[in-house]
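Asker: The structure under discussion is supplied below as structure tokens; questions concerning it will follow.
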Amino acid sequence: MVNPDTPSDTVNAGRLGVYRHRFRIRSPRRRPGRHPPAGQARLCEPSRHWRILVGKGVAESDFAALRQTASPNVTVERARADFPALLARSALSISQAGYNTVLDLVAAGRPAIVVPFDEGAETEQAIRAEAMERAGLARCLRLSGPEPARPADLVAAVTAALACEVPARPAIDLDGSGRIAGLLRRLLATQARG
Numbered sequence: 300m301v302n303p304d305t306p307s308d309t310v311n312a313g314r315l316g317v318y319r320h321r322f323r324i325r326s327p328r329r330r331p332g333r334h335p336p337a338g339q340a341r342l343c344e345p346s347r348h349w350r351i352l353v354g355k356g357v358a359e360s361d362f363a364a365l366r367q368t369a370s371p372n373v374t375v376e377r378a379r380a381d382f383p384a385l386l387a388r389s390a391l392s393i394s395q396a397g398y399n400t401v402l403d404l405v406a407a408g409r410p411a412i413v414v415p416f417d418e419g420a421e422t423e424q425a426i427r428a429e430a431m432e433r434a435g436l437a438r439c440l441r442l443s444g445p446e447p448a449r450p451a452d453l454v455a456a457v458t459a460a461l462a463c464e465v466p467a468r469p470a471i472d473l474d475g476s477g478r479i480a481g482l483l484r485r486l487l488a489t490q491a492r493g
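Each residue of the sequence shown is one higher than the last, beginning at 300 in the numbering used here.
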């Protein structure tokens, strides 16, 4: 996430389930006479800070490897209880499309890229991610299917998301539990009257 309230950008590739080193966020290796692609170099600028939140499903050895290979401008830590607060202060989130994460993204109203877990027969995250994209709430990058996303696609999506204005908050009622409680009260009152 890029935090617009801090002097230097704070970027959080929060809850990005794309582990397998497909998309790495680290400084490009500089070889004499060779330069990284311009987009990759922009993402790795030292002034841009990335925060990667890693879930419990990632083994400790893999988590340690991520921390060891991270550039100085990348903070790698375990998922945090204050994710919604981090998200609300961000300029960008790159996340999977789990139910709770999608609700957090919609509530925060911040630019987002969603990378759904869609291996094998898994479809629910892809359905949510594609719905978010259709509604203009996020950019969806798929890792499987006929045209899986490449690192260049991630760079392009991040660059575009950071260049855009914050999307308008959709008129979505997020108080489902309150509405259910109200419906139950009315139903019980109707039954009590006879």
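Every residue, glycine too, gets a C-beta built ideally from N, C-alpha and C.
Between 350, 445, 454 and 423, which has its C-alpha nearest residue 438's C-alpha?
Answerer: The residue with the shortest Cα to Cα distance from residue 438 is 454.
Asker: How is residue 389 classed by DSSP in three states: helix, strand or coil?
Answerer: Of the three classes helix, strand and coil, the one that applies to residue 389 here is coil, per DSSP.
Asker: Start and end of the beta strand (DSSP E) containing residue 411?
Answerer: Here the beta strand (DSSP E) through residue 411 covers 411-413.
Asker: Which residue spans inside the segment 405-483 form an unbroken alpha helix (DSSP H) run of at least 4?
Answerer: DSSP runs (the alpha helix (DSSP H)) wholly in the segment 405-483: 423-433 and 450-462.
Asker: Hey, quick one: how far does the beta strand (DSSP E) through residue 366 stretch, first residue to last?
Answerer: Segment 359-368 is the alpha helix (DSSP H) holding residue 366; no beta strand (DSSP E) there.
Asker: When the Cβ atoms of the segment 411-418 are set against those of the segment 429-445, are three or more pairs found closer than 8 Å?
Answerer: Yes, the segment 411-418 touches the segment 429-445.
Asker: I'd like to know if the segment 381-396 and the segment 405-412 are in contact, where contact means that at least 3 CB-CB pairs between them fall below 8 Å.
Answerer: Cβ pair count under 8 Å is three or more, so yes.
Asker: Considering only DSSP beta bridges, list what residue 352 is partnered with.
Answerer: Paired residues: 376.
Asker: Using C-beta distances below 8 Å, list every residue in its chain close to residue 383, excluding the 5 sequence neighbours before and after it, in chain order.
Answerer: Correct list, in chain order: 403, 406 and 407.
Asker: Check whether the Cβ atoms of residue 366 and residue 373 lie closer than 7 Å to each other.
Answerer: Not closer than 7 Å, so no.
Asker: Nearest by alpha-carbon distance to residue 350: which of 377, 461 and 477 is it?
Answerer: Comparing Cα positions, the closest option is 377.
Asker: If you compare alpha carbons, which of 371, 395 and 345 is closest to residue 352?
Answerer: Of the listed residues, the one whose Cα sits closest to residue 352 is 395.
Asker: Going by beta carbon distance, what residues of the same chain come within less than 6 Å of residue 443, once the five residues before and after it are set aside?
Answerer: Hits under 6 Å: 417.
Asker: If you draw a straight line from the alpha carbon of residue 326 to that of residue 357, how long is it in whole angstroms?
Answerer: With a pLDDT of 44 at residue 326, under the threshold of 50, the modelled position of that residue is not reliable, and the figure given next carries that caveat. One C-alpha to the other measures close to 23 Å.
Asker: Exposed or buried, which one is residue 379 when buried takes at least 16 other CB atoms within 10 Å?
Answerer: With fewer than 16 Cβ atoms within 10 Å of its Cβ, residue 379 is classed as exposed.
Asker: Going by the CB atoms, is the gap between residue 457 and residue 427 shorter than 7 Å?
Answerer: Not a contact, by the Cβ cut-off of 7 Å.
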